[in-house]
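Counting from 1 along the sequence shown, just add 44 to a position and that's the residue number in the numbering used here. Since the structure comes first, as structure tokens, the remarks are kept for the end.
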Amino acid sequence: MTNAAYRRSQLESLVEAQGGCRATPPLLLSADPYFDLAGEEFGRRLLLTTDVTGAEYCLRPDFTLPIVADYIADGAGEPAAFSYLGPIFRQRETGPAEFDQAGIELLAQPDGDIALDQVLTFARAALSLYGITPNVRLGGVGLFEALLQQADMPEAWRPRIRHRFGHTEAMDRLLSRLEQAPDLPRTEQPGRDELIEDVTARMVAAGLSLSDGRSPEEVADRYLEQQALDAAQVPRSTLKLLRDFLAIKGDALSALRQIEALAEKHRLFLGPPMKAIRRHLDGLGEARVTFDASFSPRLDYYTGIVFEMRGQGGTVLVSGGQYDRLLERLGATAPIAASGCALWVDRMEAEWPK
Numbered sequence: 045m046t047n048a049a050y051r052r053s054q055l056e057s058l059v060e061a062q063g064g065c066r067a068t069p070p071l072l073l074s075a076d077p078y079f080d081l082a083g084e085e086f087g088r089r090l091l092l093t094t095d096v097t098g099a100e101y102c103l104r105p106d107f108t109l110p111i112v113a114d115y116i117a118d119g120a121g122e123p124a125a126f127s128y129l130g131p132i133f134r135q136r137e138t139g140p141a142e143f144d145q146a147g148i149e150l151l152a153q154p155d156g157d158i159a160l161d162q163v164l165t166f167a168r169a170a171l172s173l174y175g176i177t178p179n180v181r182l183g184g185v186g187l188f189e190a191l192l193q194q195a196d197m198p199e200a201w202r203p204r205i206r207h208r209f210g211h212t213e214a215m216d217r218l219l220s221r222l223e224q225a226p227d228l229p230r231t232e233q234p235g236r237d238e239l240i241e242d243v244t245a246r247m248v249a250a251g252l253s254l255s256d257g258r259s260p261e262e263v264a265d266r267y268l269e270q271q272a273l274d275a276a277q278v279p280r281s282t283l284k285l286l287r288d289f290l291a292i293k294g295d296a297l298s299a300l301r302q303i304e305a306l307a308e309k310h311r312l313f314l315g316p317p318m319k320a321i322r323r324h325l326d327g328l329g330e331a332r333v334t335f336d337a338s339f340s341p342r343l344d345y346y347t348g349i350v351f352e353m354r355g356q357g358g359t360v361l362v363s364g365g366q367y368d369r370l371l372e373r374l375g376a377t378a379p380i381a382a383s384g385c386a387l388w389v390d391r392m393e394a395e396w397p398k
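Next comes the structure, spelled out in structure tokens:
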């Protein structure tokens with residue numbers, strides 16, 4: 045047996061040792077959920093095909109979504125553990141479009157902290173098979189959401205700011221726009237019914253259909269929503285708070301102390317998410333751990349702690365965290381705790397000392 049084959053057999057054993065169910069989702073999956081949840085950016089990386097009815101399918105681009113979808117279809121609710129190791133298919137700038145991924149998904153576990161501990165332990169154990177002591181980057185989605193909920197701002201802006209968390213450039217553009225907004229009184233807006241009549245008349249005069257595309261009601265509602273947002277000023281002090289928070293990064297303990305000082309200055313209660321982050325630091329062993337207050341996967345169903353583990357060259361080898369909102373997004377009728385991670389096997393193999 046070659047060294048690579050031996051490492052692969054060890055990884056197989058580690059995956060099997062996680063207990064629960066060894067998941068093997070179909071290779072051909074509906075593409076719609078991926079576009080709905082991950083958007084066009086991820087969609088461009090899918091390997092797509094259509095059936096005779098025109099329905100769009102993709103070769104399996106990950107394991108998490110089909111595992112969670114099957115769990116919900118089977119009734120959900122009961123604690124479940126899944127592990128996997130097998131091929132996924134994504135278009136990449138370099139390298140083959142087919143490569144192996146391993147991971148675990150822990151659903152509806154009674155203690156979310158213990159579940160995340162198991163995920164982190166599994167990830168570190170897998171990397172150790174390849175002689176890798178990773179650099180770990182932590183982020184706190186729950187921490188940012190707690191800050192956002194307490195910050196002084198019009199309610200309409202909270203979901204829009206949250207939606208950009210993890211999108212550094214998009215967040216910067218939004219905050220810059222809010223910083224530049226003039227503090228001017230707004231003119232009185234027309235009522236909805238009056239606005240719908242005006243839009244209808246304009247569309248008819250222009251020869252536009254009232255049923256194809258956006259209706260007059262949709263146009264009016266979108267206009268009024270935008271006007272309400274423009275009139276809802278976010279205080280300058282809140283914008284500075286957001287800038288200061290998102291700029292914090294570095295050694296985990298040092299970064300957390302900076303966040304505690306910022307919270308004290310602005311009288312924010314961030315105790316529970318801070319406590320959770322500190323708890324998991326103790327379980328990361330000798331790994332170098334940094335905390336980045338602006339870090340989050342670019343998917344809004346992540347909820348608590350998120351992480352990446354990188355090799356010496358900076359390549360992401362493992363990513364994961366807590367994603368309690370995913371199951372509701374896929375049809376669950378109540379919140380269900382979920383933690384998991386995915387490992388890129390080809391990247392780990394490339395880290396093996398030559």
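C-beta atoms are modelled at their ideal positions from N, C-alpha and C, and glycine is treated no differently.
1) How many whole angstroms separate the CB atoms of Gln366 and Gly156, which I take to be in contact at a CB cut-off of 8 Å?
2) Less than 8 Å between the CB atoms is what I'm expecting for Leu397 and Ser363, so what's the real figure, rounded?
3) Secondary structure at Trp201, three-state DSSP: helix, strand or coil?
4) Below 7 Å CB to CB, which residues in the same chain sit around Arg208 once its five sequence neighbours on both sides are set aside?
5) Are the CB atoms of Ala296 and Leu33 within a distance shorter than 8 Å?
6) For Met197, tell me which candidate among Glu223, Ala170, Arg369 has the shortest Cα-Cα distance.
7) Taking the alpha carbon of Phe143 as the reference point, which residue from Leu151, Leu103, Pro279 has its own alpha carbon closest?
8) Is it the case that the Cβ atoms of Val163 and Leu150 are separated by a distance below 8 Å?
9) By how many angstroms is the C-alpha of Gln153 removed from the C-alpha of Arg51?
10) In angstroms with no decimal places, state the Cα-to-Cα distance between Phe313 and Glu189.
11) Rounded to whole angstroms, what's the CA-CA distance from Arg332 to Lys293? Just pull it up for me.
12) Should the stretch 369-380 be called in touch with the stretch 108-117, which here means at least 3 C-beta pairs below 8 Å?
13) Using only CA atoms, which one of Ala394, Tyr346, Arg301 lies nearest to Leu160?
14) Determine the DSSP secondary structure at Ile349, reduced to helix, strand or coil.
15) What are the boundary residues of the alpha helix (DSSP H) that Thr108 is part of?
16) In three-state terms, what does DSSP make of Thr334?
17) Tell me which residue opens and which closes the beta strand (DSSP E) that Ile158 is part of.
18) Quick check: the Cα distance between Pro123 and Ala291, rounded to an integer number of angstroms?
19) Using the three-state DSSP reduction, which class does Tyr50 fall into: helix, strand or coil?
20) Which term fits Val180, buried or exposed, when burial requires 16 or more other beta carbons within 10 angstroms of its beta carbon?
21) Is the distance from the Cβ of Tyr128 to the Cβ of Arg66 below 8 Å?
22) May I have the straight-line CA-CA distance separating Leu228 from Gln277, to the nearest angstrom?
23) With DSSP as the reference, identify every bridge partner of Gly224, one or two as the case may be.
24) Out of curiosity, what's the CA-to-CA distance linking Ala146 and Met353?
25) If you measure between the beta carbons of Gly63 and Gly186, is that distance less than 8 Å?
26) Within 10 Å of its beta-carbon, does Leu71 have 16 or more other beta-carbons around it, so buried, or fewer, so exposed?
According to the data block:
1) Their Cβ separation, rounded to whole angstroms, is 6 Å, which keeps Gln366 and Gly156 in contact under 8 Å.
2) The amino acid occupying residue 397 in the given sequence is Pro; Leu does not appear at that position. In fact, because the Cβ distance is near 23 Å, the residues do not count as touching under 8 Å.
3) Trp201: helix per DSSP, three-state reduction.
4) Answer for Arg208: Ala214, Met215, Leu218, listed in chain order.
5) The shown model of the chain, from 45 to 398, leaves out residue 33, and the question about it has no answer.
6) Ranking the options by Cα distance to Met197, first place goes to Glu223.
7) With distances taken between Cα atoms, Phe143 lies closest to Leu103.
8) With respect to Leu150, Val163 sits close: the two C-beta atoms are nearer than 8 Å.
9) Taking the straight line from one Cα to the other gives about 30 Å.
10) Near 12 Å, if we compare the C-alpha coordinates of Glu189 and Phe313.
11) Taking C-alpha positions only, Arg332 is separated from Lys293 by approximately 13 Å.
12) When Cβ pairs closer than 8 Å are counted between the two stretches, the stretch 369-380 is seen to touch the stretch 108-117, the count reaching three or more.
13) Answer by Cα proximity: Tyr346.
14) Correct three-state label for Ile349: strand.
15) That run of the alpha helix (DSSP H) goes 108-117.
16) It is a strand residue.
17) Following the DSSP letters along the chain, one finds Ile158 in no beta strand (DSSP E) but inside the alpha helix (DSSP H) bounded by residues 156-173.
18) Straight-line measurement puts the Cα of Ala291 at about 38 Å from the Cα of Pro123.
19) The three-state reading of DSSP puts Tyr50 in helix, counting H, G and I together.
20) It is buried - the Cβ of Val180 has at least 16 other Cβ atoms within 10 Å.
21) A contact, by the Cβ cut-off of 8 Å.
22) Here Leu228 scores only 48 on pLDDT, less than 50, and its place in the model is too uncertain to base an answer on.
23) In the sequence as presented, Gly is not what sits at residue 224; that position holds Gln. Bridge partners of Gln224 according to DSSP: none are assigned.
24) Approximately 14 Å, taken between the alpha carbons.
25) In this structure, Gly186 does not lie closer than 8 Å to Gly63 by Cβ.
26) By the C-beta density criterion, Leu71 is exposed, having fewer than 16 other C-beta atoms within 10 angstroms.
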